[in-house]
Structures are given as structure tokens and as C-alpha cells.
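Enquirer: Letter by letter, the sequence shown follows residues -20 to -1, 1 to 276 of mature numbering (1 follows the signal peptide of the UniProt record, and there is no 0).
We put the CB at the ideal spot given by N, CA and C, even for glycine.
Only a predicted model underlies this, so the values are computations on that prediction, with no experimental measurement involved.
I have a structure here, written as C-alpha cells, and I will follow up with some questions on it.
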Amino acid sequence: MICLNSLLVVLSVVIVGSWARYYDFRVPVNGTRGAPHFATQPSCEVGKRHRSYTRGLKPRCHPFEMGIGIYYQMDIMLKPDVVVVPEAPEIIEYNKYRWPGGRVPYVIKGNFSAAHKTIIALAMAQYTKNTCVRFVPRTNEVTFVTIDNTPTGCWSYVGRSLNNKFNLVNLQVPGCVSTGTVAHELMHILGFYHEFTRMDRDNFITIDMGALHPAYQTASFFNGNYGKLKSNLTPLYGIPYSYGSVMHYSKWAGSSSRSRPVMNNIKPWTGDFGNKIGLAATDVQAINIMYACPKN
């Protein structure tokens, strides 16, 4: 019903090549008419892309990158209290919180199969095994995360909110339900952004704007999706840049060609960026520092 309902309120659709971009319920990057907008509500267009992703030849990208041009940084749902400024790429969140004690109550909503729930549990178990963060089934907690599977792609809000409508993770089936993708979205809900938005990323990757889909080869789009974030949002914690972080996008994120990647490594690295399995060692380090986990 979510996508049927959205058709009644989405009145303006702009077609760019093969991409449909919805402008209702989107936050402009800098408040100007020509600036890119990002969704503050789920998009059925992203869901359509995911249905195509799970059929036939898959693009050389991770499932959570399918929201390009619609969701902020392709899989982040923006809260109404977020301002994105491209001239100095930064997100200002006025109600940003960590989960107290690293304890994250959750409920699972939607039509996940038993197999899908097992995969979600396996991703959560990576946190239990390697960090002090605990995803626990909700009992009577007031603040909690809802994990749903609406046909709107893979996405999450970033960090804890006192308003549960902003404590959401969406995992469209089947494409978004893998241990790597689930672990990725759960790191967002803990308060993490993407690895390639670190302030020091230019020492480790180059970004080829010419490899993007032609509609996305603009400075405003680049800053809104590939811009570096201030260190208060992407603290380094003294941890080396990680090409294999579960929070790193693939080399082909946003690429218009399967043969020309958007991101390329400067330091030695073999294969694609990110991973499909789950938390990398550097991810574990970052979580343990952010949540002040006691050392083993």
C-alpha cells in the first residue's frame, strides 16, 4: 500500500534518461530550485530499481547503492531537522543521539520469511560477537528501531532519534537481505556515515565524475552524494581508511558503465570496495570506540 498511496501525493515526476526522480517530500540541498533534492519519505522508484536488480544481469554495485539520485548518499533517509549544504558539504543534525549503553531494541515488521529473519539475526550477531552493541527484541522500551521490508529499497536513518518514526531501517526483499547489506544499514542506525565521506579520503581514492550517469555529472550532485563530511560526523578515531569497510560503496556506485568505475584506489588494493559479508575489522574498531566498549 505504501507505493499505491505515494502515487496519490507524488504529483511532479521528472524523467532523466531511464531514471525517474520524485521531487515531492524531498529536501533541497541548498534551498534553490535547481539544486538536487533528497527524499525524506520512501521512494517506490527505488523499489522498482531493486526489482530489476534481482532479475537478469546485476549491475556492478551493492544493493544499497540503488537509491542514487533519490536518497541522500543513495541509502540514507533524511530527517526533517537535517540541512545539507553543498558549498561546505556538511550535515547538521540538531537531534543526533547514540544508543545509550549500545543497547538497540528493535521490532521486525513486514513479511520477512524465516530465512530472511535468520540472515538479519546473523548480521546482528556480528555486532554481538565483536562489539558491546546489542540489538535486542523490544519488550516495553519507548525508543526502538523498526525493521521493515517495504518495496522502497535499502535505506536507514542515521543515529538514534527520540521520535521512533525516524528509527527505521528498510530491507526490501530479496535484494537487501544479505548479511553485508543488513550490517551496513545497522551501522547507519548506530550513527555512522559512509567510509568514502571521510575527510582524509582524497589520500586513498579518486572519484571520476565523468564515469557517472550523465544526469549526475554536476557539482551539486557530486557534493550531495560524494562530498566529504566534517570530522564530527565521520570521526577517524585513528583508524586507517578501509577499502573493505562494510560502509564503503563499490567502485561502480553511480557508474553509467560496467567497465568504467567511479571510484578508484590510490593505495594498493585488489578487487572491489566494500564487502558483502559484514563488519570489517576497521568497522569493529570504530563501533567499539564510538560506543566506548570495554577492551577485551
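Flag this pair as touching only if the segment 76 to 83 and the segment 188 to 199 have three or more C-beta atom pairs under 8 Å; answer yes or no.
Expert: Touching, no, given that fewer than three Cβ pairs across the two stretches are closer than 8 Å.
Enquirer: Could you give the first and the last residue of the continuous alpha helix (DSSP H) run that contains serine 200?
Expert: From DSSP, the alpha helix (DSSP H) with serine 200 extends over 199 to 206.
Enquirer: Between aspartate 55 and proline 274, what straight-line distance do the alpha-carbon atoms span, to the nearest angstrom?
Expert: So the two alpha carbons sit approximately 31 Å from each other.
Enquirer: Can you give the Cα-Cα distance for alanine 103 and serine 236, rounded to whole angstroms?
Expert: Cα to Cα, the separation comes out at about 31 Å.
Enquirer: Tell me where the alpha helix (DSSP H) around threonine 107 begins and ends.
Expert: According to the sequence as given, residue 107 is tyrosine; it is not threonine. That run of the alpha helix (DSSP H) goes 94 to 110.
Enquirer: What three-state label does DSSP hand asparagine 255 in the structure shown?
Expert: Correct three-state label for asparagine 255: coil.
Enquirer: Would you kindly work out how many angstroms separate the C-alpha atoms of leucine 213 and glycine 139, rounded to a whole number?
Expert: Using only the alpha carbons, I get a separation of about 11 Å.
Enquirer: Let me check understanding here. Comparing Cα to Cα, which of Gly90, Val113, Ile88 and Thr161 lies closest to methionine 270?
Expert: Of the listed residues, the one whose Cα sits closest to methionine 270 is Val113.
Enquirer: Note the first and the last residue of the continuous beta strand (DSSP E) segment covering leucine 148.
Expert: 148 to 151 is the extent of the beta strand (DSSP E) around leucine 148.
Enquirer: Between the alpha carbons of glycine 207 and threonine 177, how many angstroms are there, rounded?
Expert: About 6 Å.
Enquirer: Report the residue from Ala191, Leu192, His174 and Met189 whose alpha carbon sits nearest the alpha carbon of alanine 266.
Expert: Nearest of Ala191, Leu192, His174 and Met189 to alanine 266, Cα basis: His174.
Enquirer: By Cβ distance, which residues of its chain are closer than 7 Å to proline 60, with the 5 residues on each side in sequence left out?
Expert: Taken in chain order, the residues that qualify are Thr20.
Enquirer: Taking cysteine 134 as the reference, give the member of Asn147, Pro22, Phe184 and Leu259 with the closest Cα.
Expert: Closest option to cysteine 134, Cα to Cα, is Pro22.
Enquirer: Here's the rule I'm using: 16 or more other beta-carbon atoms within 10 Å means buried, otherwise exposed. How should serine 222 be labelled?
Expert: Buried, because 16 or more other Cβ atoms sit within 10 Å of the Cβ of serine 222.
Enquirer: Any idea which residues DSSP pairs methionine 244 with across the strands?
Expert: For the sequence presented, residue 244 should be read as asparagine rather than methionine. Answer by DSSP bridge pairing, in chain order: Thr186.
Enquirer: Please classify threonine 132: is it buried, with 16 or more other beta-carbons within 10 angstroms of its beta-carbon, or exposed?
Expert: Threonine 132 comes out buried.
Enquirer: Just the Cα atoms here: how many angstroms apart are glycine 47 and valine 26?
Expert: If you take the alpha carbons of glycine 47 and valine 26, they lie about 5 Å apart.
Enquirer: Would you identify the three-state DSSP class for alanine 19, choosing helix, strand or coil?
Expert: Strand at alanine 19.
Enquirer: State the beta-bridge partners of threonine 119 as determined by DSSP.
Expert: The partner list for threonine 119 (beta bridge, DSSP) is empty, contrary to what the question assumes.
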